[in-house]
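Working notes for the structure below.
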Amino acid sequence: AAVAFGASAQTNFPVKDRPVTLVVPFVAGGPTDRVARDLAEAMRKTLGTTVVVENAAGAGGSIGANKVAKANNDGHTLLLHHIGMATMPSLVRNIPFKVESDFEYLGMVNDVPMTLIARPNLPANNMKELQAWISQNKGKINLGNAGVGSASHLCGLLFQEAVGVEMTTVPYKGTAPAITDLIGGQIDLLCDQTTNTTSQIEGKKVKAFAVTTAKRLSPPALKDLPTMQESGLKDFQVTIFHGLYAPKGTPADVQRKLNEALKGALKDSDFIKKQEGLGAVVVTDKRMEPAEHKRFVAEEIAKWSPIIKKAGVYAD
Ligand code: MLT
Numbered sequence: 013a014a015v016a017f018g019a020s021a022q023t024n025f026p027v028k029d030r031p032v033t034l035v036v037p038f039v040a041g042g043p044t045d046r047v048a049r050d051l052a053e054a055m056r057k058t059l060g061t062t063v064v065v066e067n068a069a070g071a072g073g074s075i076g077a078n079k080v081a082k083a084n085n086d087g088h089t090l091l092l093h094h095i096g097m098a099t100m101p102s103l104v105r106n107i108p109f110k111v112e113s114d115f116e117y118l119g120m121v122n123d124v125p126m127t128l129i130a131r132p133n134l135p136a137n138n139m140k141e142l143q144a145w146i147s148q149n150k151g152k153i154n155l156g157n158a159g160v161g162s163a164s165h166l167c168g169l170l171f172q173e174a175v176g177v178e179m180t181t182v183p184y185k186g187t188a189p190a191i192t193d194l195i196g197g198q199i200d201l202l203c204d205q206t207t208n209t210t211s212q213i214e215g216k217k218v219k220a221f222a223v224t225t226a227k228r229l230s231p232p233a234l235k236d237l238p239t240m241q242e243s244g245l246k247d248f249q250v251t252i253f254h255g256l257y258a259p260k261g262t263p264a265d266v267q268r269k270l271n272e273a274l275k276g277a278l279k280d281s282d283f284i285k286k287q288e289g290l291g292a293v294v295v296t297d298k299r300m301e302p303a304e305h306k307r308f309v310a311e312e313i314a315k316w317s318p319i320i321k322k323a324g325v326y327a328d
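Add 12 to the 1-based position in the sequence shown for UniProt numbering, that's all there is to it.
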């Protein structure tokens with residue numbers, strides 16, 4: 013009998029009654045977790061199976077990333093990570109995996125602006141007053157972040173370099189606990205993503221000074237915030253991107269199914285509404301395709317390594 017050629021082997025995915033786990037490399041309640049939970053909700057529909065979020069925090073996001081790099085490549089364990097995939101190679105000494113070769117790239121998710129925020133009783137109400145306060149308090153300023161290699165760490169580096177003042181950095185397992193301490197006055201400053209800061213700015217729980225994007229943002233709570241450039245910190249621009257990753261060697265047909273499910277989620281009106289309400293911009297361009305996702309991360313690695321080396325004097 014004729015043998016059917018070309019019928020590519022179909023992997024049994026998703027395995028019936030087995031959830032797909034989306035690993036978030038920071039503790040729950042922060043910006044990465046926010047994106048993951050919104051995405052899991054949307055991919056539950058497009059994958060037609062349960063998608064659970066698992067927080068695996070520590071070491072600026074490299075512990076969770078490593079967990080997925082070493083996970084079974086059957087498609088049931090995925091990583092949702094951000095710009096840290098492009099900055100860890102420069103920021104984290106001997107990470108136990110290679111960003112370029114230990115993951116399959118499944119497509120990009122969104123771009124998220126950052127905001128520079130302060131404890132509510134810090135005596136400054138604009139960037140000019142904040143810079144004056146910083147120069148009067150050299151050596152006594154506590155700047156929170158989510159550990160070396162995190163997005164908040166990168167933004168903190170850029171801010172210290174822009175104002176020319178070294179600060180004491182206080183690392184947390186995510187910016188959820190960091191913003192809690194900022195609201196409580198335990199730390200002075202934090203640079204964090206709008207997916208985590210919008211509600212706190214709206215509720216006047218923190219003071220907000222600037223956004224890190226080239227243009228101002230549209231959400232009502234953020235629209236009056238000046239950009240860093242408007243605030244006189246001209247070279248200071250950073251936008252946090254999020255992507256979806258699987259362990260190297262995940263079968264090609266599984267990768268295709270996951271990319272299709274991701275692209276369906278990116279078109280989900282509920283997902284878009286949730287994300288845009290927090291200042292995030294859901295990807296609509298070719299970066300949702302795996303090859304372009306991989307190319308974009310490679311470009312970001314090349315872009316950030318010299319900037320980090322230059323600001324490295326402020327690295328932890
Ligand atoms: C980061 O700073 O890398 C993230 O905002 C941390 C988090 O998502 O909690």
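Where a beta carbon is used, it is the ideal one built from N, C-alpha and C, also for glycine.
This one's a predicted model, so the numbers in the text were calculated from it and none came from an experiment.
Local conformation of residue i per DSSP, three classes
i             : result
proline 183   : strand
threonine 58  : helix
threonine 192 : helix
threonine 33  : strand
glutamate 301 : coil
proline 263   : coil
valine 175    : helix
valine 309    : helix
asparagine 78 : helix
valine 295    : coil
valine 39     : coil
leucine 290   : coil
valine 27     : coil
valine 65     : strand
valine 15     : Because valine 15 sits at a pLDDT of 46, beneath the cut-off of 50, its placement in the model cannot be relied upon, and the point is left open.
glycine 161   : coil
glutamine 198 : coil
glycine 70    : coil
Cutoff 7 Å; reference residue i; Cβ partners in own chain excluding five residues on either side
i              : result
threonine 262  : Asn85, Gly87 and Glu116
glutamate 301  : Gly119
glycine 244    : Met139
residue 331    : Since the first residue of the chain shown is 13 and the last is 328, residue 331 is not available in this structure.
methionine 240 : Ala222, Thr224, Phe248 and Gln249
proline 43     : Val124, Thr187, Asp204, Gln205, Thr207 and Asn208
arginine 299   : Met120, His305 and Phe308
Other residues of its chain near residue i: CB distance less than 8 Å, five sequence neighbours each side excluded
i              : result
valine 80      : Val35, Thr89, Leu90, Leu91, Phe115, Tyr257, Ala258 and Pro259
glutamine 22   : Asp265
asparagine 133 : Gly197
alanine 144    : Ala136
Close beta carbons around residue i, own chain, < 6 Å, minus the five adjacent residues each side
i              : result
isoleucine 319 : none
aspartate 280  : Ala54
alanine 233    : Thr210, Ile213 and Glu214
Distance between beta carbons of residue j and residue i, contact taken as under 8 Å
i              : j             : result
glutamate 173  : alanine 323   : 4 Å
valine 32      : leucine 59    : 6 Å
serine 102     : lysine 321    : 7 Å
isoleucine 153 : aspartate 200 : 5 Å
Within 5 Å of ligand 1: residues by beta-carbon to any heavy atom: Result (chain order): Phe38, Gly42, Pro43, Thr44, Ala158, Ser162, Ala163, Ser164, Gly186 and Thr187.
4-residue-minimum alpha helix (DSSP H) runs that sit fully inside the stretch 203-257, ordered along the chain: Taking 4 residues as the minimum length, the alpha helix (DSSP H) runs contained wholly in the stretch 203-257 are 206-214, in order along the chain.
Alpha helix (DSSP H) segments (min. 4 residues) lying fully within the stretch 85-153: Look at the stretch 85-153 and you find these whole runs of alpha helix (DSSP H), each 4 residues long or longer: 96-103 and 139-148.
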